[in-house]
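Working notes for the structure below.
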Amino acid sequence: MSEVAEQPVAKKKSEALLSKRRRKFVSDPLVDDNPITIQVLGICSALAVTVQMKPTMVMSIAVVFVIVFSNLIISALRNLIPNRVRIIVQLAVIASLVVLVDQVLKAFLYDVSKVLSVFVGLIITNCIVMGRLEAFAMGNKPWDSVLDGFGSGFGYAWIILTVAFFRELLGSGSVFGFKVFEAIGWESFPTNGLMVDSIGAFIILGIIIWVQRTKTGYVEN
Amino acid sequence: MRQSNTYIYLFSGIMTIVLGGMLSFAAEVLKPFQKKQIELDTKKQILGAVMQLNEQDDVLAIYDDKIQSIVVTYNGDVVEQDDSGKPLIAEKVNIEKNFKLDPKERLFPVFKYNEGDKTTYILPIFGNGLWNNIWGYVALGDDFNTIKGIALDHRGETPGLGARITEKEVQERYKSKKVYNSSQELVGVSMVKGEGKGPHDDHHIDGMAGATITGNGVNEMILNYLGYYENYFKKEKQRN
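These protein sequences, in sequence, are chains A and B. Quick note on the working numbering: the first sequence kicks off at 1389 and runs consecutively. Quick note on the working numbering: the second sequence kicks off at -14 and runs consecutively.
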């Protein structure tokens, strides 16, 4: 009896680590279901930390870390978490991970942590993270949830990095602090103050969404 | 069972202990690294009031070479030991803790920057911004009147508004302004409301649009702290 019962379980487990179904968890949020451009979540930090590439890079890594591990932890505990306090449990896990990230940044990347200031702490309230926990991790297996976390994290990361690239290039004339225009001999490049302001982020984000929706044909209803 | 109150209490309790334990462990392990970073940052800020530091500069070496630090009391006397007889180190004096004491009981570090035979006096300042504390360092020339430079920082001012006090462009505005008026009264240097309203006299500079309250905090902080150092200025002038 027991042998027969074990068989289907073993078969199910043999699904490839990166099967087509699972690859979709990672690829979907990159474009088709992007947390920023389609779901329009996490806009606040996308505006605030994207003045320069370096802090944006650190912020991206921080968000990917938090979203992947909170997805993993919540998914692993999903059958133990009491339903009535599940949101609090999710928040506690996210908050702990965020505080951890904040402490690590303060110890090793003090300059960047000063630039990011409250926005590291605000990852706690980033709807992308909470949204994935509630919508995905509470009902799916740990590995699937990890992949989902990577998908959403990278979806967030590439957008804010693109925004930061253009903002730093046009606003400060540099990329990762490297003076691009001076290097090619164009020293009088007129930097655009608008790009250093959060308004610049809105404009670039708007252009990205425009280009993306023109290509995918996505329409909000 | 999963929905019973006992289970919920138990689950929450265990979760709190596990997460809390994990975080305190991490904080303990990372503390020495953070302290080092803060020391480096403090020295960077002190030097930042008088010079432009490059990323590859060895801040600690420049600091040791150029800066001589002492601690003075409200009366302007130099103190070398604290109450328990331990030697006082100016860099270790916690300005924030002292800020909570009565000004007369506070300890005031003075960082002297020596370049040739000129001495610049770098003084820490501390106060309240709009959301949280703000602080910085003012560098005064040896006439105790001309501002040679300023470095400002904050804990929670609004990015793009009050947080602009950390920008070089804002801090540059203080350069070569005077803190005493023609009748030798301490007036400090104040940011006005609004931006681009210049030219200003010797005691006023452009403010930050949208961050008037942070600006007021900075004004108050500079005036207060220069006032606390006035006795020291007098004694130091006599000595020179």
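Cβ coordinates follow ideal geometry from the N, Cα and C atoms, glycine included. In this text the structure is predicted, and so the values were computed from the model without any measurement.
Subject >> Euclidean distance between Cα positions of Pro1417 of chain A and Ile(-7) of chain B >> reply: 34 Å
Original post:
What in chain B is Cβ-close to Tyr1498 of chain A, meaning under 7 Å?
Top reply: Ordered by position in chain B, the residues that pass the 7 Å Cβ test against Tyr1498 of chain A are Gln22, Asp26.
Original post:
Is there at least one Cβ from chain B nearer than 8 Å to Ala1567 of chain A's Cβ?
Top reply: According to the sequence as given, residue 1567 of chain A is Lys; it is not Ala. Cβ-Cβ to chain B under 8 Å: no for Lys1567 of chain A.
Subject >> Backbone secondary structure at Ser1560 of chain A - three-state DSSP >> reply: helix
**OP:** Would you mind working out which of A:Asn1471, A:Gly1537, A:Arg1474 sits nearest Phe1453 of chain A, comparing C-alpha positions?
**Re:** Nearest C-alpha to Phe1453 of chain A: A:Gly1537.
Original post:
To the nearest angstrom, how far is it from the Cα of Glu1391 of chain A to the Cα of Val1446 of chain A?
Top reply: In this predicted model, Glu1391 of chain A has a pLDDT of only 45, less than 50, meaning its place in the structure is not dependable; the value taken from the coordinates is given anyway. Between the alpha carbons of Glu1391 of chain A and Val1446 of chain A lies a distance of about 50 Å.
Subject >> C-beta atoms of Lys162 of chain B and Asp191 of chain B nearer than 8 Å >> reply: no
Original post:
Cβ of Ser1407 of chain A less than 8 Å from any chain B Cβ?
Top reply: No, no contact with chain B.
**OP:** Please report how far the alpha carbon of Lys182 of chain B lies from the alpha carbon of Ala194 of chain B, in whole angstroms.
**Re:** 11 Å
**OP:** Please report the residue range of the alpha helix (DSSP H) in which Phe1507 of chain A lies.
**Re:** Unbroken alpha helix (DSSP H) run through Phe1507 of chain A: 1506 to 1509.
**OP:** Could you confirm whether any beta carbon from chain B is found closer than 8 Å to the beta carbon of Val1451 of chain A?
**Re:** no
**OP:** Express the C-alpha separation of Val1477 of chain A and Met7 of chain B in angstroms, rounding to a whole number.
**Re:** 16 Å
Original post:
Mind pulling the chain B residues with CB within less than 8 Å of Ser1533 of chain A?
Top reply: Chain-ordered listing is empty here: chain B has no CB closer than 8 Å to the CB of Ser1533 of chain A, the nearest sitting near 18 Å.
Original post:
Between Asp1585 of chain A and chain B, is there a C-beta pair that is closer than 8 Å?
Top reply: yes
Original post:
Between the C-alpha atoms of Asn118 of chain B and Asn201 of chain B, what's the straight-line distance to the nearest angstrom?
Top reply: 13 Å
**OP:** Measuring only between beta-carbons, confirm whether Val1456 of chain A sits less than 8 Å from chain B.
**Re:** no
Original post:
Straight-line CA distance for Gly(-2) of chain B to Ala1480 of chain A?
Top reply: Computed Cα separation, rounded: 12 Å.
**OP:** Measure the Cβ-Cβ separation of Ser1458 of chain A and Leu1493 of chain A and say whether it is below 8 Å.
**Re:** no
Subject >> Closest residue to Asp49 of chain B among B:Asn39, B:Leu32, B:Leu73 (Cα-Cα distance) >> reply: Measuring C-alpha to C-alpha distances from Asp49 of chain B to each of B:Asn39, B:Leu32, B:Leu73 identifies B:Leu32 as the nearest.
**OP:** Indicate whether Leu137 of chain B and Gly173 of chain B have their beta-carbon atoms separated by less than 8 Å.
**Re:** no
Original post:
Around the C-beta of Trp120 of chain B, are 16 or more other C-beta atoms found within 10 angstroms, so that it is buried, or is it exposed?
Top reply: Burial call: buried.
Original post:
Measuring CA to CA, which of B:Glu180, B:Glu170, B:Leu(-5) is closest to Phe129 of chain B?
Top reply: Out of B:Glu180, B:Glu170, B:Leu(-5), B:Glu170 has the C-alpha closest to the C-alpha of Phe129 of chain B.
Original post:
Pick from B:Lys16, B:Ile80, B:Tyr159: whose alpha carbon is nearest that of Asp1490 of chain A?
Top reply: The shortest CA-to-CA distance from Asp1490 of chain A to any of B:Lys16, B:Ile80, B:Tyr159 is the one to B:Lys16.
Subject >> N-terminal and C-terminal residue of the alpha helix (DSSP H) that Phe1453 of chain A is part of >> reply: 1441 to 1464
Original post:
So what does DSSP say about Leu1405 of chain A, is it helix, strand or coil?
Top reply: coil
**OP:** May I ask you to report which of helix, strand or coil DSSP gives Leu108 of chain B?
**Re:** strand
Original post:
Is the beta carbon of Tyr1544 of chain A less than 8 Å from the beta carbon of Pro1423 of chain A?
Top reply: yes
**OP:** May I ask which residues mark the beginning and end of the alpha helix (DSSP H) holding Glu157 of chain B?
**Re:** 153 to 157
Subject >> Residues, ordered as in the chain, of the region -6 to 11 of chain B that lie near chain A by beta-carbon distance below 8 Å >> reply: Phe(-4), Ser(-3), Met0, Thr1, Leu4, Met7, Leu8, Ala11
Subject >> Spatial neighbours of Phe1569 of chain A in its chain, beta-carbon cut-off 6 Å, leaving aside the 5 residues before and after >> reply: Here the set comprises Gly1561, Phe1577.
Original post:
Are the C-beta atoms of Val1473 of chain A and some chain B residue less than 8 Å apart?
Top reply: So yes, Val1473 of chain A belongs to the interface.
Subject >> Backbone secondary structure at Pro94 of chain B - three-state DSSP >> reply: Secondary structure of Pro94 of chain B (DSSP, three-state): strand.
Original post:
Hey, which unbroken runs of the alpha helix (DSSP H) at 4 residues or more fall wholly within the region 1485 to 1553 of chain A?
Top reply: 1498 to 1504, 1506 to 1509, 1515 to 1523
Original post:
What span of residues does the beta strand (DSSP E) with Asn118 of chain B cover, start to end?
Top reply: 118 to 125
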